[in-house]
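All remarks here apply to the structure that follows.
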């Protein structure tokens, strides 16, 4: 899935968080997270947290900066599946919510741990 664009950065991951486009790029040895028109470098000082099952929240904390929070909703089918499927687990949730894969890729935490 990785590809190199004209600026020399490599796209590691892309996904939609609700209506928000999220992209992780790697350039000059740094991982850069872009969500809509916002971006930041992700390093070992960056804390990323995913919360929620249907009304999801992705919080990015960088030292010396205020936390940035992105809220998004999943399809209305997700809560129906959670209620109807007693075996609904993390792997099902990862298929329904690309934010979980993003947080795992960037070394963050979520409520499934």
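In this note's numbering, the protein residues as written are 570 to 682. Glycine is no exception: its CB is placed at the ideal position from the N, C-alpha and C atoms. Fair warning: this is a prediction, and the values are worked out from it, not measured in the lab.
Inclusion of residue 639 and residue 586 in the CB contact set at 8 angstroms is warranted, their separation being smaller than that value. Shown here, residue 677 sits in coil according to DSSP, grouped into three states, outside any helix or strand. Under the Cβ criterion (8 angstroms, minimum of three pairs), the region 657 to 672 counts as touching the region 619 to 636.
Between residue 581 and residue 595, the CB-CB gap stays under 8 angstroms. Linking residue 631 to residue 592 through their CA atoms gives a straight-line distance of about 18 angstroms.
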